[in-house]
Amino acid sequence: MPVIGNKTLVHVTKDIESVFLKAVAAGLQRKLIEDPCLSPEEWQMLLRISVEQALLPVVFEAVYPLLPDKIEREYRAVAVKWIADQVRGTDAFLRLYSNLQKEGIEPLVFKGIVCRDTYTLPDWRVSSDEDIYIPETDYFRFHEAMDRMGFQSSPPNFRSEHETVYRSKELTVEGHWKLFPQSTHRWEQMNKLADSIMRNAHYMDINGIEILTPEPTDHMIYLLLHAMKHFSLAGVGIRQICDIAMWDKRYAVDWARVNKTMDTFGGTRFTSAVLDAANRYFEMKFPEGWIRVDSTDLIQDALKGGTFGHSSEDRLHSAYITVASGGKRAGITALFHAVFPGRKVIEINYPWVSRSPLLLPFGWIVRLIRYVGNIRGGASPIHSIRIGKRRAELLQEYKIFQWEEQKTQ
1 MPVIGNKTLV HVTKDIESVF LKAVAAGLQR KLIEDPCLSP EEWQMLLRIS VEQALLPVVF
61 EAVYPLLPDK IEREYRAVAV KWIADQVRGT DAFLRLYSNL QKEGIEPLVF KGIVCRDTYT
121 LPDWRVSSDE DIYIPETDYF RFHEAMDRMG FQSSPPNFRS EHETVYRSKE LTVEGHWKLF
181 PQSTHRWEQM NKLADSIMRN AHYMDINGIE ILTPEPTDHM IYLLLHAMKH FSLAGVGIRQ
241 ICDIAMWDKR YAVDWARVNK TMDTFGGTRF TSAVLDAANR YFEMKFPEGW IRVDSTDLIQ
301 DALKGGTFGH SSEDRLHSAY ITVASGGKRA GITALFHAVF PGRKVIEINY PWVSRSPLLL
361 PFGWIVRLIR YVGNIRGGAS PIHSIRIGKR RAELLQEYKI FQWEEQKTQ
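Per the numbering used here, numbering through the sequence shown is continuous, rising by one, with the last residue being 409.
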C-alpha cells in the first residue's frame with residue numbers, strides 16, 4: 001500500500017458513517033484514509049459525528065490532510081483544545097492520586113485513564129471525568145480528603161446512589177462506592193463483583209505514578225457490563241467499543257471467564273454483538289468459544305446516539321420510554337410510564353426521592369416540568385416514542401431484559 005511518511009493509506013467507501021468508522025480505525029493506528037472525495041458539507045457531517053462520539057482527535061488524525069482548508073483549521077483548533085485539556089486533566093488526576101496515596105488512600109481506578117493507556121496517543125482518547133472506586137467502609141475518609149483538596153461535591157447518599165461527583169477547576173472525578181446503580185436487581189447483583197475485583201487488583205504505572213487498577217480480565221468484564229448498562233438506558237457509544245477493542249489488543253483476556261460472567265447477568269448475546277463490532281470495524285480478534293451475533297443494529301444505534309446515547313433531547317426522553325417499557329411497552333402507554341415511572345426508575349435522576357415514599361409524587365412533578373420545558377425547546381414526544389420503541393426492540397433482540405424477567409418471576 002502507498003505510504004505518506006509513517007502513515008499508510010486505508011481504502012474507504014463514500015458513505016458518511018462508513019467513512020467515519022474507517023477513519024476511527026485508521027486514527028487508532030495513526031494511519032490516513034484514502035480520499036473519499038467528500039463535499040465540504042459531508043466533511044462537516046463526518047466531523048460532527050466525531051464530536052458527538054468524543055472521537056474527534058482520533059478521526060482528525062486520519063483525515064486532516066484531506067480536509068478543505070477552512071474546515072481543517074476549524075476542527076484542528078477544537079482537536080488541539082481537547083487534547084490540551086486532556087493532558088492537563090491527566091496530570092491533575094495523577095497528582096490527585098499521588099496525594100491520596102500520601103494520606104493512605106488508594107482508590108481503584110477504572111475506565112478513563114486506564115483505557116487511555118492502551119491507545120498509541122493516550123490523550124487523543126479524551127474523557128470528561130475519571131472514575132474511581134472506594135469501598136463504602138472507607139468512603140468518608142476519601143470524601144473528607146477530597147474536600148480538603150478543594151473539590152466541590154454533594155454528601156454521599158449511600159442509601160440509593162452509587163457515586164458522588166467531585167469537581168475542581170482542572171478535574172472532575174466520579175467517586176464510586178458501588179460499581180453500578182442500586183436501582184435494579186440486575187445491577188445490585190453486578191455490584192457483588194466489587195470484592196473479587198479488589199482482591200485481584202494490581203498496580204499500573206502511568207507517567208511514573210503507580211495506580212491501583214482491576215486486572216485485565218476483570219476490567220474487560222467491567223467495560224462490557226458498563227456498556228450493557230448504558231445500552232439498556234440510552235445507548236452505547238463507538239468510543240466504548242473502541243476501548244474494548246484496544247484493551248483486548250493490549251492485554252491477555254480470559255474470554256472463557258468473561259463468557260461465564262456475562263452469561264450470569266444475561267449479557268452474552270449483547271457482548272457477542274459488541275465483540276462482532278470490535279472485530280468488524282476495529283480489528284479485534286473475535287474470541288474463540290463465542291457464538292457471533294450480528295452487530296449491524298448495535299452499530300447503527302450507537303452512531304445515532306452519540307457517546308452515551310445523549311445526542312438529542314428526543315433521544316434522552318426515549319431512554320425514559322425504553323427503561324419504562326422493559327423492552328415491551330410502546331406508544332402512549334410507554335410515554336405515560338416514562339413520565340410517571342416507579343420509584344426505582346425515578347431515583348436514577350432524582351435520588352432525593354429515596355428519602356421517603358411521600359416524595360415520589362414530587363419527583364413526578366419535577367420530571368414532568370422538565371419534560372414540558374424540553375418540548376418547548378424543540379423535543380418531540382412523537383419522535384421520542386419512535387426512538388423508544390425502536391430501542392425497546394433492540395433490547396429484545398439482544399435479550400437485555402431477559403435475565404431481569406427470569407429473576408422476578
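A virtual CB, placed ideally from N, CA and C, is assigned to each residue, including glycine.
Bear in mind the structure is a predicted one, so any value in this text is a computation, not a measurement.
So the candidates are the options; which of them puts its Cα closest to the Cα of residue i?
| i | options | result |
| --- | --- | --- |
| Ala92 | Pro135, Val173, Leu360, Ser50 | Val173 |
| Ser50 | Gly27, Lys31, Ile291 | Gly27 |
| Tyr398 | Ile291, Asn157, Phe158 | Ile291 |
| Ser104 | Tyr139, Asp129, Ala79 | Note that residue 104 corresponds to Gly in the displayed sequence, not to Ser. Cα-wise, what sits closest to Gly104 is Tyr139. |
| Ala234 | Pro156, Leu303, Pro40 | Leu303 |
| Ser411 | Asp123, Lys249, Glu288, Gly267 | No answer is possible for residue 411: it lies beyond the span of the chain, which begins at 1 and ends at 409. |
| Gly305 | Ala54, Arg159, Leu171 | Ala54 |
| Asp131 | Pro156, Asp248, Arg116, Gly112 | Gly112 |
| Ala273 | Arg250, Ile244, Ala392 | Ile244 |
| Ser128 | Arg167, Pro357, Glu288, Val366 | Arg167 |
| His185 | Val165, Leu359, Ser160 | Ser160 |
| Met190 | Arg280, Ile221, Pro135 | Ile221 |
| Lys102 | Met149, Arg125, Val58 | Met149 |
| Asn157 | Ala84, Glu42, Pro181 | Pro181 |
| Met198 | Trp82, Pro135, Arg141 | Pro135 |
| Thr296 | Arg280, Met284, Gly289, Lys22 | Arg280 |
| Arg125 | Ser196, Ser98, Asp85 | Asp85 |
| Ala256 | Met284, Thr217, Phe362 | Thr217 |
| Glu188 | Trp82, Glu52, Phe265, Asp147 | Phe265 |
| Asp248 | Lys169, Glu42, Met284 | Met284 |
| Val236 | Glu42, Glu52, Glu34 | Glu52 |
| Thr271 | Asp195, Phe362, Ile400 | Ile400 |
Please state if the CB of residue j and the CB of residue i are separated by a distance shorter than 8 angstroms.
| i | j | result |
| --- | --- | --- |
| Gln44 | Ile71 | yes |
| Val114 | His219 | yes |
| Pro214 | Ala227 | no |
| Tyr133 | Phe151 | no |
| Leu100 | Ala145 | yes |
| Ala277 | Leu298 | yes |
| Val410 | Arg269 | The question about residue 410 has no answer here: the residues shown for the chain are numbered 1 through 409. |
| Leu394 | Asp301 | yes |
| Glu163 | His143 | no |
| Leu56 | Val78 | yes |
| Val87 | Asp123 | yes |
| Leu46 | Val19 | yes |
| Pro457 | Pro40 | Within the shown structure, residues of the chain are numbered from 1 to 409, placing residue 457 beyond reach of any answer. |
| Met246 | Thr137 | no |
| Gly89 | Leu193 | no |
| Val165 | Ser153 | yes |
Residue i and residue j look like a contact to me (Cβ under 8 angstroms); what is the Cβ gap, rounded to whole Å?
| i | j | result |
| --- | --- | --- |
| Leu223 | Pro107 | The pair is not a contact, with the Cβ atoms about 18 angstroms apart (cut-off 8 angstroms). |
| Leu410 | Phe286 | The question about residue 410 has no answer here: the residues shown for the chain are numbered 1 through 409. |
| Arg250 | Thr120 | Wrong, their Cβ atoms sit about 11 angstroms apart, outside the cutoff. |
| Pro65 | Leu38 | At roughly 13 angstroms, the Cβ-Cβ gap does not stay under 8 angstroms, so Pro65 and Leu38 are not in contact. |
| Arg428 | Phe60 | Nothing about residue 428 can be reported from this structure: the residues present for the chain run from 1 to 409 only. |
Say yes only if the C-beta of residue i is nearer than 7 angstroms to one or more non-hydrogen atoms of the ligand FMN, and no if none qualify.
| i | result |
| --- | --- |
| Arg148 | Judged by which ligands are present, the structure shown has none, so any question about the ligand FMN falls away. |
Worksheet item: For the region 203-273, which segments carrying the alpha helix (DSSP H) assignment without a break, of at least 4 residues, lie completely within its bounds, in sequence order?
Response: List check, alpha helix (DSSP H) in window: 216-233, 238-250, 255-264.
Worksheet item: Are there three or more Cβ pairs, one per stretch, closer than 8 angstroms when the region 91-109 is compared with the region 200-209?
Response: Taking a cut-off of 8 angstroms for Cβ pairs, the region 91-109 and the region 200-209 touch, as three or more such pairs fall below it.
Worksheet item: How about the region 253-262 and the region 233-243: do they share at least three Cβ pairs that are nearer than 8 angstroms?
Response: Contact between the region 253-262 and the region 233-243 is absent, with fewer than three C-beta pairs closer than 8 angstroms.
Worksheet entry | Every unbroken alpha helix (DSSP H) inside the region 13-86 [4 residues or more] | Fully enclosed alpha helix (DSSP H) runs of 4 or longer: 16-28, 40-52, 56-63.
Worksheet item: Which ranges would you report for the beta strand (DSSP E) in the region 142-208 if only whole runs of at least 3 residues count?
Response: Counting only runs of 3 or more, we get 163-167, 172-176, 202-206.
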